Each structure stands twice: as C-alpha cells, then as structure tokens.
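Q:
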Amino acid sequence: MGFTETHLKTNNHVNGTKEGARLTILHLGDPIEYNHALYSHLESQFNIIRPEPSCLSRRAFIRHLQAKTWGNFSAIMRPYWNTGNEMARWDRELIELLPHSMKVMASAGAGYEWVDVDVLAEYGILYCNGAGACTESVADMALYHIISVFRQMTRSSLAARSNNISEYQDAHRRVAYESHNPRGHTLGIVGLGNIGFAIAKKVRNALGMRILYFDVQRKSREQEKEAGATFFDDRDELFRQSDCLLLATPAGPQVLTRRALELLPRGARVVNIARGSLVDEDALADALESGHVSAAGLDVHKKEPQVSKRLSEMQNVTLTSHTGGSSLETVKSFERLAMENVDAVLNGEEPLTAVNKLAVEKHLKRDRTNGTTVNGHVNGNSGTEPLNGQTNGH
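Numbering-wise, the working numbering comes out as the position in the sequence shown, counting from 1, plus 12.
#1: To which residues does DSSP link Asn193 through a beta bridge?
#2: Could you tell me the alpha carbon to alpha carbon distance between Val131 and Gly279, rounded to whole angstroms?
#3: Looking at the secondary structure, which residues open and close the alpha helix (DSSP H) in which Asn353 lies?
#4: State the CB to CB distance for the pair Trp93 and Phe346, rounded to an integer number of angstroms; the pair is presumed to be in contact (CB under 8 Å).
#5: Which stretch, first to last residue, makes up the beta strand (DSSP E) that contains Thr242?
#6: Cα-Cα, which of Leu340, Thr365, Asn359 is closest to Ala350?
#7: Would you kindly work out how many angstroms separate the C-alpha atoms of Val202 and Val343, rounded to a whole number?
#8: Which class does His53 belong to by DSSP, given the choice of helix, strand or coil?
#9: How many angstroms separate the CA atom of Asn176 from the CA atom of Ser169?
#10: Using only the alpha-carbon positions, how far apart do His389 and Phe73 sit?
#11: Excluding sequence positions up to five away, which residues of its chain have a Cβ less than 8 Å from the Cβ of Ser254?
#12: Between Ser232 and Ala263, is the Cβ-Cβ spacing less than 8 Å?
#13: CA-CA distance, Pro111 and Phe85?
#14: Taking the C-alpha atoms as reference points, what is the distance between Val187 and Leu258?
#15: Below 8 Å, how does it come out for the segment 115–129 and the segment 308–320: are there three or more Cβ pairs, yes or no?
#16: I'd like to check one pair, Ala49 with Arg90: are the Cβ atoms closer than 8 Å?
#17: Return the chain-ordered list of same chain residues with a C-beta closer than 7 Å to the C-beta of Ala151, the five sequence neighbours on each side being excluded.
#18: Looking at the structure shown, is Leu290 part of a helix, part of a strand, or coil, going by DSSP?
#19: Exposed or buried, which one is Leu155 when buried takes at least 16 other CB atoms within 10 Å?
#20: With DSSP run on the structure shown, which of helix, strand or coil describes Phe58?
#21: Tell me whether the beta-carbon of Leu138 lies closer than 8 Å to the beta-carbon of Asn368.
#22: Counting along the chain, where does the alpha helix (DSSP H) carrying Thr166 start and finish?
#23: Just reading off the beta strand (DSSP E) that Gly203 is part of, what are its end residues?
#24: For Ala118 versus Asn353, is the C-beta distance shorter than 8 Å?
#25: Can the beta-carbon of Ser323 be found closer than 8 Å to that of Glu293?
#26: Cβ atoms of Val282 and Val305: under 8 Å apart, would you say?
#27: So what does DSSP say about His389, is it helix, strand or coil?
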C-alpha cells in the first residue's frame with residue numbers, strides 16, 4: 013500500500029529524507045503551543061515531520077514505519093502527555109521497525125512504563141523523559157493529600173456540598189474530634205527521587221513532620237539534611253514507624269500489599285501520588301473498613317480511568333484524577349524539555365534526562381541489524397539489567 017505526503021505535516025521536507033546534512037525529527041502529537049522560539053530553533057537545524065493523527069493508530073503507524081513513509085528520521089519528539097501515543101505501548105514490535113538512523117526518543121511525562129527502554133537501548137536509542145518538569149506540581153498535590161488525610165477534608169467538603177443541615181452539623185462536630193494536625197507525626201516516604209525529595213522539603217517546612225525514607229539509592233548526608241529525612245534500609249521497619257505512608261516511586265512490583273498494610277501502626281494514613289499499580293486497592297479498602305488505616309489519599313488508581321467503587325464511597329478517602337502533575341507550568345516544561353533533549357542529542361551533546369543511558373552504552377558495540385551476531389551477542393536478545401535507583405525518572 014502506498015502513502016502520500018497528505019498523511020503528514022512537514023517543513024522543508026517531503027518524505028523524511030535528509031536535505032543535505034539536515035537530520036529529521038518525527039514530532040508526534042499536538043503542535044507546539046508555548047515554546048515557539050525553541051521550536052523555531054529546531055526548525056532552523058532539522059527537518060520536522062508531524063504526522064496527522066490518522067497515521068498514529070497502532071496499525072497505521074506500523075504500516076507507515078514499514079513503508080518508510082517518513083524516511084530515516086533520527087529522533088522522535090512527543091511534547092505532550094495526552095497526545096501522540098495513539099499507537100499504545102512502545103514494545104519490540106514497534107521499536108524494531110525504527111530506522112537505523114534513530115538516536116533519541118524524548119517525551120513528556122516522568123513515568124515511562126509505556127515504553128520498553130531496555131529494548132530501545134538494544135538499538136542504541138536513548139529515551140529521555142520529562143523528569144523534573146512536574147516535580148513542583150506533584151509535590152504540591154502530595155501536600156494537599158497529606159493535609160486531607162490528617163484533617164478529614166473529604167468528609168468536611170462532602171458535607172458542605174450536601175446542602176443538608178444535619179450532615180453539615182455532623183461533620184462540624186465529628187471532624188473536630190477525629191482529625192489531627194500533621195505536625196509532630198511521622199511521614200514515611202517510599203522513593204526519594206526528584207519528586208520524593210521535593211515533597212520531603214515541603215512537608216518539613218510547611219507541616220513540621222518527622223520524615224523517614226526508603227530508596228534503593230541513599231541520598232548524600234547533605235541532601236538528607238536539606239530534606240530533614242532519615243534513611244531506612246529496611247522498608248518493613250519504615251512501615252512500622254509511619255503515621256502516614258507516602259508512595260513516590262516508579263511503577264513496579266506492588267508495594268502496598270495486604271502484608272505491608274498490616275505492618276502500619278493502627279490508625280495510619282496512606283497517600284499515593286506515584287502509580288496505581290503499587291497498591292492492593294482491595295486490601296486497602298479492607299484496612300480502611302476495619303479502622304486499621306484511618307484515611308487514604310489517592311491521585312492514581314490501579315485501573316485508570318476507572319476508580320475503585322469501594323474506595324470512592326468512603327468519606328475518609330480523598331480521590332483525585334491523576335492530576336498531580338497537571339499544571340500549565342508542567343505542560344510548558346514538558347514541551348520545552350522534550351525539544352531540549354532532542355536538540356542536545358542530535359548536536360552530539362549530553363541529553364538532559366536520559367533514563368537508559370547506561371544501558372545504551374552497554375549495547376554500543378552491538379550491531380543494529382536484527383539477527384547479526386556481534387561480539388558474541390545476537391541482536392534482539394535483551395540482556396540489559398534493570399535500571400536501579402530510578403525514582404520518578406531520577
């Protein structure tokens with residue numbers, strides 16, 4: 013099947029071939045809205061192709077890659093989290109179809125569970141996320157949820173919105189005897205990466221809580237002092253000492269299991285601003301119903317966009333719609349960072365936020381042609397080690 017230029021938007025370019033020494037960038041998703049000067053800077057150096065949305069369904073995208081509709085592009089840039097990912101998960105099926113000229117893929121968003129960064133590394137392709145762009149917004153959302161689970165904000169808000177005098181008066185009385193000030197309580201943080209570190213500093217300065225943390229990589233003593241955080245190398249012991257447990261770690265194995273919930277002190281609170289898959293939501297609902305956990309605040313959910321029915325019906329549970337990083341400042345920063353990463357790599361400079369740089373370096377001597385044995389390895393077999401210490405893209 014043939015594909016024509018009407019399938020794409022392009023500048024100085026028809027089908028992705030080089031124009032002299034100019035390299036090509038494939039821009040997935042909506043056009044740039046804010047950082048126009050930076051985009052113009054890219055246009056002055058590179059050819060930029062932005063495929064129409066109709067080209068981005070998985071089936072269509074695969075056909076276009078197979079047909080080399082966009083030629084030998086060197087970078088993929090996705091400046092917005094909500095568009096440009098219609099082709100779904102970036103797995104081996106997609107990655108092995110990328111041209112050998114590909115050097116870097118840069119996307120909005122701190123999380124990257126939707127793309128197999130180890131397979132990208134096999135092909136020598138750097139993946140750069142939006143680490144740092146959403147730190148301030150997510151840390152603010154964590155602060156909101158921490159205050160809410162201590163002060164019963166959801167119960168109070170629902171009563172005020174009910175327009176029912178009895179409910180209003182009941183909440184007015186009940187909250188006074190059941191809520192607590194966070195000051196003096198212990199916050200246990202699982203994951204002290206960029207976001208966890210920012211949360212710790214905000215909580216220390218604003219709420220005066222004692223802060224403990226667990227992470228696969230300990231912070232320096234100077235950083236621990238700055239955040240007022242004490243390191244625990246035993247996660248179970250962290251759970252036992254936490255009046256409020258906060259998850260700020262990347263997607264991975266479930267952290268808040270039924271057993272982990274049982275380790276928390278009776279009446280503890282739980283906050284999750286990381287990934288919904290980290291929490292056993294049924295076990296959490298059981299713990300809330302029994303009173304072992306007194307309150308929970310969740311910005312992320314296991315089956316997004318669906319939310320646990322049990323949890324949604326509880327007045328001691330604060331729920332938000334995965335909007336922790338949702339601010340205009342974050343959107344602008346995601347957009348800028350995606351372009352800056354592409355600009356750096358294509359100009360032979362160090363990327364700003366590459367999450368698989370070490371894995372790429374490990375595969376530098378591996379031939380990019382599928383099935384070719386190079387240095388005793390067969391291209392297509394992974395063999396990469398997990399990226400330890402990756403907490404919220406850091």
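All C-beta atoms, glycine included, are put in the ideal place defined by N, C-alpha and C. The structure presented is a predicted model; accordingly, all values stated were derived computationally and were not measured.
A: So, from the data block:
#1: Its beta-bridge partners do not exist; DSSP assigns none.
#2: 44 Å
#3: 340–358
#4: 7 Å
#5: 241–243
#6: Thr365
#7: 26 Å
#8: helix
#9: 12 Å
#10: Any reading at His389 must be qualified, since the residue scores a pLDDT of 35, below 50, and its modelled position is unreliable; the value itself is stated next. Answer to the nearest angstrom: the Cα atoms are 30 Å apart.
#11: Thr198, Leu199, Gly200, Leu224, Leu276, Pro277, Ala280
#12: no
#13: 7 Å
#14: 22 Å
#15: no
#16: no
#17: Ile207, Ala210, Ile211, Lys214
#18: helix
#19: buried
#20: coil
#21: yes
#22: 165–173
#23: Unbroken run through Gly203: none, as it is neither H nor E.
#24: yes
#25: According to the sequence as given, residue 323 is Leu; it is not Ser. Yes, the Cβ-Cβ distance between Leu323 and Glu293 is below 8 Å.
#26: yes
#27: Residue confidence for His389 is low, a pLDDT of 35 falling below 50, so the modelled location carries little weight and cannot support an answer.
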